[in-house]
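Peer 1:
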Amino acid sequence: MQKTRKSIAKRFKKTGTGKLLRRTPGHRHLLRNKSVKQRRRAGSSKLVAPGQRANLIRGLPFA
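Residue numbers for the sequence shown, in full-length UniProt numbering: 1 to 63.
(1) Measuring only the C-alpha atoms, how far is Lys46 from Gln38?
(2) Does the separation of the CB atoms of Thr24 and Ser7 fall below 8 Å?
(3) Do you know how far the Cα of Met1 is from the Cα of Arg53?
(4) Taking the alpha-carbon positions, what's the Arg22 to Arg11 distance?
(5) Could you tell me if Leu31 is buried or exposed, where buried requires 16 or more neighbouring beta carbons within 10 angstroms of its beta carbon?
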């Protein structure tokens with residue numbers, strides 16, 4: 001029986017075209033020390049690199 005890896009499901013979202021989105025790190029705390037550019041870019045989601053995508057999608061059989 002296939003099971004979803006919950007740790008992957010919580011951190012990644014599958015797009016309509018099959019790519020994966022991830023949150024940008026560094027946007028939780030200590031924001032006062034970071035530049036406006038860092039904070040702005042950390043607010044958006046990024047695509048997962050193609051080399052890591054295959055392993056992660058394997059853990060999301062129903063997504």
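Backbone N, C-alpha and C define an ideal beta-carbon position, used for all residues, glycine too.
Peer 2: Quick look at the numbers:
(1) 14 Å
(2) no
(3) 22 Å
(4) CA-to-CA, the gap between Arg22 and Arg11 works out to about 6 Å.
(5) exposed
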